[in-house]
Amino acid sequence: MKKQIYIFSIGFLLASFAVQAQQVLPITKAEVLTKVSEENRAIKISEQEYLEAKADYKQTNGVFLPNITASHTGMATTNPLMAFGSKLNQEILTASDFNPDLLNNPGQVENFATRFEIQQPLINMDGIYQRKAAKSKMEAQALKIERTSDYYAFEVEKAYMQLQLAYKGVDVLEKALETANANKRLADNSFKQGYLQRADVLSVEVRVNEVKNQLQSAKSNVENASNYLSFLMSESSDVIYKPSDSLQVVSFNTVNSEIISEERSDIKAMKLASKAYETMNKADNMSFLPRLNAFGSYELYDDQIFQGDANGYIFGAQLSWTILDGTKRFGKAQKSKAEFEKSKLQYDQYVSQNQLELNKARRMLTDAENRLNLTKLALEQSEESFRIRTNRYEEGLEKTTDLLLSETQYSQKQLEYYQTIFEYNYAQAYLQFLTK
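If you count the sequence shown from 1, you need to add 1 to reach the numbering used here.
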C-alpha cells in the first residue's frame, strides 16, 4: 500500500512539474522589446565587439605616449672587461685597479644596477595612420550595434505577429471543431432517423478528425512562436507566451523613398570599414619612411642590492630606416591595397542588394494590401454562404457534402485572411526596417 502511495505521489509531482513547465504567460510587445534590448545575446556580442575595437584604438596611443620601464639587475663576474666596467660604473676604481695582473685576472665583482628607461616616439607616420584606421573601425562597430538593435527590434515585430497569428489559427480551428462536432451530432441524429446514409456520417467524422489534426498543428505553431520569442529574449523556452493584443491591421511609419539611404547605420558602418582599409593601406605605404624616436635612461649602480651610490644618465634620439626587409613590406602593402579594393566592391554590392530588397519590399506591400482587400471580401462571402447552407441543411434542403465544403471553405478563408493581415503588417515592418 505504501509503495502504491509513493508511486502515486511521484506521478503527481511529475504531472505538476509538466504543468508548470508549460505555463502560459501573457506578454506585450513593449515588454518583449525591452527584454530583447537588454538581454539579447547577439546585441551583447556586438557590444563586446565594439569594446574590442575600442581597446584596439586605445592601444594606438603608443604612437604619441612614451614607453617607460624600470628594472633592477644583480650580477657577479670575473670577466676582465665586465669587472672593470662594473667598478667604473660604481665609481670605486682606484689606482691599484690598473695593475695588469688585476686587470687580466680580477677577483669576483658584484654589481647591482637600477635602470629607468623612457622611449618617446617623435615621428612614426605608419603608426599615425594605423591609429586612424583603428578609430574608423571603432566607429563602424558602434554603428553596427545600432543596426543590430534595429534588426532585432524588427525580429520582435515579426515574432510577435507570428505569435498573434498562431493564436488566431487556434481560435479559428477551435471554433471550426465546435462547428464540426455540432454537424456530427446533427448528422448522427439524421442518420438515426433515416434521413442520411452512413457514408454522409463518415464524411462528417473525417472532417472532425481533419480539424483536430489542424488544431494540433496550430497549437504547435504557438509553441514554436513562443520558443522563438524566448530565444530572442535569452530566456528559458519552458514558457508559452500569449500576446496581450490580437492580430489586426496596423499602420507603420514608413518612409516613402525609392532609393536606399546611405545614411543608414549599417551602410555607414560599411563605408567606415572601407575607409579603415584605405587608411591601413596608407599606413603600409608609410612604413617605407624612416622613424624618429627619442630615448633616455637613468641608472644607479652599487655592489649592494637595492643601493645606488653611483649614478648616470643617457639621452638622445634615433633616426631609423629599414631600407629592405626582403619583400615583406611590398607584399603587405599589396595585400592591404587588395583588401581596400575588395571593401569598395563589397560596399557597392551591399548597397545594390539593399536597393533590390527595398524595391521588392515596396512591391510586397502593394501586393499584400491588394490581397488584404480581396481576402476580406472572400471571407465575408464564404461566411454568408456557410450561414445559408447551414440553415438549409438543418431544414433538410442541403447535402452533407455541400455543407462540409462550405464549412471547410469558411475556415480556410478565415485562416487566409489572418495570414494576409500578417503579411501586410510584416511588409510594412520590413519596409520600415529597410528605410530606417
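Just so you know, even glycine gets a beta-carbon here, dropped at the ideal spot from N, CA and C. It should be emphasised that the depicted structure is a prediction, and the values quoted were computed from it without experimental measurement.
Counting pairs of beta carbons, one from the segment 78-86 and one from the segment 132-148, are three or more of them closer than 8 angstroms? no
Distance CB(N112)-CB(D304) smaller than 8 angstroms: yes
Is it buried or exposed for K169, if we count other Cβ within 10 angstroms and need 16 for buried? buried
Classify I1 as buried or exposed, calling it buried when 16 or more other Cβ atoms lie within 10 Å of its own Cβ. The structure shown has nothing for residue 1, since the chain only spans 2 to 437.
Check whether the segment 280-288 and the segment 319-336 are in contact - that is, three or more C-beta pairs closer than 8 angstroms. yes
Cβ neighbour criterion (16 or more within 10 Å) applied to M76: exposed
Whole angstroms are fine: how far does the CA of M139 sit from the CA of S252? 36 angstroms
In angstroms with no decimal places, state the Cα-to-Cα distance between Q49 and Y152. 17 angstroms
Through-space distance from F192 to Y431, alpha-carbon basis: 53 angstroms
Under 6 angstroms Cβ to Cβ from Y314, same chain only, skipping five residues before and after it: list those, please. Y299
Just to confirm the assignment, what range does the alpha helix (DSSP H) spanning V207 have? 199-233
Please classify A270 as buried or exposed, where buried requires at least 16 neighbouring CB atoms within 10 angstroms. buried
Excluding the 5 residues flanking Y130 on each side, which residues of the same chain have their C-beta closer than 6 angstroms to its C-beta? T280, K283, A284, M287
For N312: DSSP bridge partner residues: L301
Classify P107: buried if its beta carbon has 16 or more other beta carbons within 10 angstroms, exposed otherwise. buried
Round the Cβ separation of L405 and R208 to the nearest angstrom and send it over; I've been treating them as touching at under 8 angstroms. 5 angstroms
Hey, how far is the Cα of D349 from the Cα of E158? 29 angstroms
Nearest-angstrom Cα separation, counted from E395 out to T409: 17 angstroms
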